[in-house]
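Undergrad: Got a structure for you, questions after.
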Amino acid sequence: MNASQVRATFLDFFKEKGHSVYPSAPMVVKNDPTLMFTNAGMNQFKDIFLGNSAASDKRVVNSQKCLRVSGKHNDLEEVGHDTYHHTMFEMLGNWSFGDYFKNKAIAWAWELLTEVYKIDRDRLYATVFEGSPEEGLGADNEAYNLWKPFLDEDRILYGPKKDNFWEMGDTGPCGPCSEIHIDIRSDSERRKLDGARLVNRDHPHVIEIWNLVFIEFSRMSDGSLKNLPAKHVDTGMGLERLCMVLQGKTSNYDTDVFLPYIKTLEQLSGIEYTKGGDASIAMRVIADHLRAVSFAIADGELPSNNKAGYVIRRILRRAIRYGYTFLGFREPFVSSLVPVLVDHMGDAFPGLKAQQELIGKVIAEEEQTFLRTLETGIQKFEQHAGSLKDKVIDGKFAFELFDTYGFPVDLTMLMAREKGLEVDMKGFEKGMQEQKSRSRAAAETDTYDWTELNPTGEDTRFLGYEELKADVTPVKYRKAGSRGKTVYQVVLDRTPFYAESGGQIGDRGWLEADGRRYEVTDTLKENNLTIHVMPRIPDKWPGSVKAVVDSNKRRLTENNHTATHLLHSALKSVLGSHVQQKGSLVDDRRLRFDFSHFGKMTDKEIRAVEQLVNEKIRQNISMEEHRGLSMEEAGQMGATALFGEKYGEKVRVVSFGSDFSTELCGGTHVQATGQIGLFAIVSEGAIAAGIRRVEAVTGRAAEEFIRERLDELEKLKAMLKHPKDSFKALGQLLDQNEDMKKEISAMRQMQLGQVAERMAASAEYIEGINFVSGKLEMDPGSVKDIAFRLKGEVERLFLVIAHHTGGKAGITIMIAEELVREKGLHAGNLVRELASHIGGGGGGQPFFATSGGKDPSGLDRALSEARKKISSF
RNA sequence: GGGGAAUUAGCUCAGUUGGCUAGAGCGUUUGGCUGGCAGCCAAAAGGUCACCGGUUCGAGCCCGGUAUUCUCCA
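Residue numbers (my numbering): 13 to 885.
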């Protein structure tokens with residue numbers, strides 16, 4: 013059975029049992045501050061478990077793409093070293109939202125594994141929760157008894173909190189769980205040692221395959237457990253492991269999920285995958301990370317230097333590093349695996365196929381830059397290693413290499429070993445700890461538990477498509493703060509406030525309670541909650557408050573949002589259908605739109621796009637809006653959906669001219685395009701490989717933008733005295749200026765030459781020294797010039813020039829090199845002595861020195877003292 | 001969000017406690033030589049040392065700020 017059959021069988025089995033099949037949510041999470049990536053199948057149902065949203069289907073089945081690389085579940089450093097950890101994996105799960113509980117969950121799991129997938133019964137074990145006195149929880153005897161009909165009692169094991177109490181994160185839904193383990197060792201080994209003794213002992217062949225979680229609590233921020241209003245079932249079975257079992261393998265990497273990449277890597281590197289050794293680890297790392305990174309890019313998350321993008325970069329770089337060190341790759345290689353990946357998974361995940369070119373380009377670009385980083389790191393290392401006194405590489409240096417130049421420390425260690433050196437890892441760790449505590453201190457935020465006012469158990473209803481003010485009921489609020497700043501987050505039963513999403517910023521405005529105004533500074537979405545951010549709240553909440561949106565700001569934002577849709581369509585029609593939205597930001601001042609496109613837009617293309625958008629504005633097209641459509645219906649209307657965007661079951665379609673712009677969108681828009689008035693592109697540029705960014709303004713801001721440019725042009729023309737051909741006039745002016753600059757500089761040189769000559773002629777030959785002196789009204793730069801001219805012209809020179817300009821005085825001394833050698837003179841010392849006459853200081857080298865001071869009246873004295881000095885040489 | 005670093009000729013980079021009028025290689029232009037493989041020789045052009053301010057007799061170098069890029073941590 014190959015992977016797609018395994019997946020389909022799972023979904024079909026539960027469909028038969030009355031479950032609705034849900035698609036996988038995007039792997040990259042938006043709107044949840046506690047989570048960057050989907051790390052479990054349950055993430056998209058979190059709000060249902062918490063009681064914030066109602067479930068529309070009581071029984072659900074899905075296969076969810078997950079990424080475990082940060083936070084509570086972090087497997088990144090394990091990946092590759094064993095045969096069963098992954099960064100990205102698919103989690104098969106069946107769900108009950110307040111419907112069936114432990115009984116059916118256990119019975120169906122048994123039925124599917126033994127009767128459908130035909131797994132040997134005598135290889136299976138189950139674990140149940142042993143209880144935890146500190147949490148005040150007893151043993152899960154209910155689950156134990158439910159297993160008894162299927163398994164002998166010596167195959168049902170009690171397990172501790174660590175293994176049998178599942179929590180999503182530091183806070184959130186949780187509950188006891190029952191795991192199913194399988195023993196895939198050979199018969200002879202199984203005879204030698206009972207499998208029950210290897211369960212949860214990190215044995216590579218006695219492993220957990222399915223976790224049945226019985227969710228009934230929510231973990232609060234103070235660590236306590238709260239009962240949830242309903243009980244739920246959340247199960248998760250890793251597709252990759254299941255494939256291993258069903259395909260009779262002992263490593264996930266030997267299944268059809270990973271083997272194609274390993275085969276390709278064998279060809280590219282010329283090294284055989286032998287299952288042992290560093291080269292094999294490297295191949296597993298690369299095969300795993302290729303999948304994670306490609307799916308993340310398809311979901312719209314590009315490698316970058318912070319947040320989720322940084323995690324993606326780190327995964328990719330880990331793959332490159334392993335390929336570089338253990339497979340000998342010196343050129344980009346990960347990107348060349350992308351076509352193999354798309355061949356293999358493109359059918360199950362169309363987003364991957366549609367964006368194949370982009371994924372390849374982005375990965376290749378990242379590989380290039382990282383290989384460059386490695387090169388400079390190696391250079392720095394060689395330099396440092398060359399200047400070493402003992403055989404130990406400073407931990408501080410290793411950390412600097414890593415922290416500042418991104419050079420991986422394991423490479424530092426490897427290179428050190430090759431040279432017979434050691435690395436002071438303690439010093440490195442110390443630097444690392446300091447870095448971490450610095451960041452933690454800076455990022456500390458506190459959120460407190462909710463205070464319930466009028467609980468509803470429903471999503472906030474959004475009124476803002478029609479209303480900008482409404483009388484509403486406060487539902488709950490909490491304090492949130494970071495570094496001393498405290499704000500309140502308030503949830504309402506209904507609200508006219510638009511919460512930031514889909515690139516459109518959140519509304520501002522105020523709440524009126526008991527005749528007083530309380531400012532709303534921002535509106536955010538956290539999962540399905542709409543949160544009003546408020547610096548102050550009423551001491552005592554009334555049953556009803558008036559919510560009022562800042563309508564001016566909202567209208568300007570709507571102009572920009574609609575213009576963004578028009579721009580999107582215009583780009584597609586001018587540049588081609590390969591244009592995909594990669595991100596957007598819409599506020600009241602401007603709009604920003606990122607999209608996939610290869611190469612810079614020409615001026616002509618920019619103008620064409622601008623013209624097309626303005627054309628659509630002048631046509632004053634009315635908005636057509638359809639709410640509550642299914643994805644299928646929206647698809648039939650030709651609506652553009654975004655990869656990596658999570659849509660609910662019911663979607664909204666906004667269209668401006670059904671033949672021009674139709675998009676899935678929850679944002680707010682103008683009633684008719686004419687309101688936008690004018691559209692102007694302000695800039696176009698690159699933000700990553702294959703991704704361009706356009707910034708634009710609308711309405712009054714666009715007018716001002718154009719007005720400013722016209723004014724600028726007008727002023728320039730006026731300065732040129734309104735010539736017939738401004739460009740020609742300016743060109744001539746520039747040429748002329750260039751010529752004159754050259755001429756002036758030549759003349760200045762000539763002048764200086766003349767002065768120098770005159771001075772040379774006035775040389776006095778005293779005791780084997782050509783003494784040249786003079787007092788000049790000149791800037792120090794010119795004096796220096798003269799000094800160096802004379803140096804080339806007069807032999808055995810001792811030059812002293814006293815000069816002043818703008819009330820400042822200076823003395824410059826030049827001494828011929830041979831005099832310096834013969835008599836041991838030092839211009840710097842001499843000039844400092846002379847500078848005392850002008851109230852200043854100075855210095856320089858033995859043959860040339862300068863000084864400066866504020867008192868020009870001492871210049872003559874300085875000169876005569878210089879003359880006297882000669883006799884003492 | 002917090003730390004570290006980089007920015008010098010068209011490109012890749014040197015530039016050592018602040019002090020030889022800012023250099024190299026490649027590329028460009030010109031002239032000469034030349035039967036080859038990056039042809040050879042000679043010469044020239046090309047720099048607001050990212051930007052703004054400060055310290056100093058003197059700043060590419062030191063200090064502060066800004067911008068851009070890289071990098072680590074969260």
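Virtual Cβ for every residue (Gly too), placed ideally from N, Cα, C.
Helix, strand or coil for valine 591? Go by DSSP, reduced to three states.
TA: Valine 591: coil per DSSP, three-state reduction.
Undergrad: Please name the residue or residues paired with tyrosine 34 in a DSSP beta bridge.
TA: Partner(s): Asn74.
Undergrad: Per DSSP, threonine 424 is paired with what?
TA: Looking at the DSSP assignment, threonine 424 forms no beta bridge with any residue, so it has no partner.
Undergrad: For aspartate 69 versus serine 32, is the C-beta distance shorter than 9 Å?
TA: Cβ atoms of aspartate 69 and serine 32: closer than 9 Å.
Undergrad: Find out if the Cβ-Cβ distance for the pair leucine 364, glycine 358 is shorter than 9 Å.
TA: Yes, Cβ-Cβ distance for leucine 364 and glycine 358 is below 9 Å.
Undergrad: Helix, strand or coil for asparagine 239 per DSSP?
TA: Residue state, collapsed to three classes: strand.
Undergrad: Of the choices Arg602, Gly679 and Gln623, whose alpha-carbon is the least far from that of glutamine 638?
TA: Note that residue 638 is histidine in the sequence shown here, rather than glutamine. The candidate whose alpha carbon is nearest that of histidine 638 is Gly679.
Undergrad: For tyrosine 322, report the span of its alpha helix (DSSP H) as first-last.
TA: Residues 319-338.
Undergrad: Would you mind stating whether valine 305 and isoleucine 375 have Cβ atoms separated by less than 9 Å?
TA: Contact: yes.
Undergrad: Looking at the strands, I want to know which residues DSSP matches up with valine 404.
TA: The partner list for valine 404 (beta bridge, DSSP) reads Glu434.
Undergrad: Helix, strand or coil for lysine 558 per DSSP?
TA: Looking at lysine 558 - three-state DSSP - the assignment turns out to be strand.
Undergrad: If you draw a straight line from the C-alpha of lysine 160 to the C-alpha of valine 72, how long is it?
TA: Looking at the two C-alpha atoms, the distance is approximately 27 Å.
Undergrad: Tell me the rounded alpha-carbon separation between serine 263 and glutamine 501.
TA: The alpha-carbon atoms of serine 263 and glutamine 501 are separated by roughly 48 Å.
Undergrad: Mind listing, in chain order, the continuous alpha helix (DSSP H) runs of no fewer than 4 residues lying wholly within the stretch 738-803?
TA: Runs of the alpha helix (DSSP H) inside the stretch 738-803: 738-773.
Undergrad: For glutamate 90, which residues in the same chain have their Cβ closer than 8 Å to its Cβ, ignoring the five residues on either side in sequence?
TA: Result list for glutamate 90: His97, in chain order.
Undergrad: Tell me whether aspartate 606 sits in a helix, a strand or coil according to DSSP, three-state version.
TA: In the structure shown, aspartate 606 sits in a strand (DSSP, three-state: E or B).
Undergrad: So what's alanine 304 in DSSP terms, helix, strand or just coil?
TA: Helix.
Undergrad: Tell me the DSSP bridge mates of glycine 853?
TA: BP columns for glycine 853 point to Gly864.
Undergrad: Taking tyrosine 659 and leucine 641 to be in contact with their CB atoms under 8 Å, please state how far apart those CB atoms are, rounded to whole angstroms.
TA: Incorrect: roughly 10 Å between the Cβ atoms, too far for contact.
Undergrad: For glutamate 394, which option in Arg429, Thr862 and Asp415 has the closest C-alpha, if you only look at C-alpha atoms?
TA: Glutamate 394 has its Cα closest to that of Arg429, out of Arg429, Thr862 and Asp415.
Undergrad: Do the stretch 60-67 and the stretch 40-47 touch if we need at least three Cβ pairs shorter than 8 Å?
TA: The stretch 60-67 vs the stretch 40-47: no contact.
Undergrad: Thinking C-alpha only, which one of Phe229, Leu583, Leu258 and Ile196 is nearest proline 216?
TA: Minimum Cα distance to proline 216 is reached at Ile196.
Undergrad: Where do the N-terminal and C-terminal ends of the beta strand (DSSP E) with proline 272 fall, by residue?
TA: Element bounds for proline 272: not the beta strand (DSSP E) but the alpha helix (DSSP H), 271-281.
Undergrad: Look at the Cβ atom of alanine 397, then the Cβ atom of leucine 426, and state whether they are nearer than 9 Å.
TA: No, the pair does not count as a contact, with Cβ atoms beyond the cut-off.
Undergrad: What residue does the beta strand (DSSP E) around cysteine 186 start on, and which one ends it?
TA: It spans 184-195 - the beta strand (DSSP E) in which cysteine 186 sits, taken as one unbroken run.
Undergrad: Under a three-way DSSP split, which group does histidine 816 fall into?
TA: If DSSP states are grouped into helix, strand and coil, histidine 816 belongs with the strands.
Undergrad: Less than 8 Å between the CB atoms is what I'm expecting for arginine 808 and asparagine 782, so what's the real figure, rounded?
TA: Indeed they touch by this definition, with Cβ atoms about 5 Å apart.
Undergrad: Should the stretch 218-229 be regarded as contacting the stretch 274-290, the criterion being three or more beta carbon pairs within less than 8 Å?
TA: The stretch 218-229 is not in contact with the stretch 274-290.
Undergrad: How would you label asparagine 539, buried or exposed, when you count the other beta carbons within 10 angstroms and need 16 or more for buried?
TA: Result: buried.
Undergrad: Using the C-alpha atoms, what's the distance from isoleucine 194 back to leucine 423?
TA: Answer to the nearest angstrom: the Cα atoms are 38 Å apart.
Undergrad: Should alanine 455 go down as buried or exposed, given a rule of 16 or more other Cβ atoms within 10 Å for buried?
TA: Under this definition alanine 455 is an exposed residue.
Undergrad: For tyrosine 170, name the three-state secondary structure that DSSP assigns.
TA: Reduced to three states, the DSSP call for tyrosine 170 is strand.
Undergrad: On the DSSP bridge list, what partners appear for lysine 733?
TA: DSSP, once it has assigned bridges, lists no residue as partnering lysine 733.
Undergrad: With DSSP run on the structure shown, which of helix, strand or coil describes glutamine 391?
TA: Helix.
Undergrad: Just to confirm before moving on: does the CB-CB distance between aspartate 415 and glutamine 447 stay below 9 Å?
TA: Going by C-beta atoms, aspartate 415 is nearer than 9 Å to glutamine 447.
Undergrad: What whole-angstrom Cβ distance do phenylalanine 800 and leucine 837 have, given they're in contact under 8 Å?
TA: Actually they are not in contact, since the Cβ atoms of phenylalanine 800 and leucine 837 sit about 18 Å apart, beyond 8 Å.
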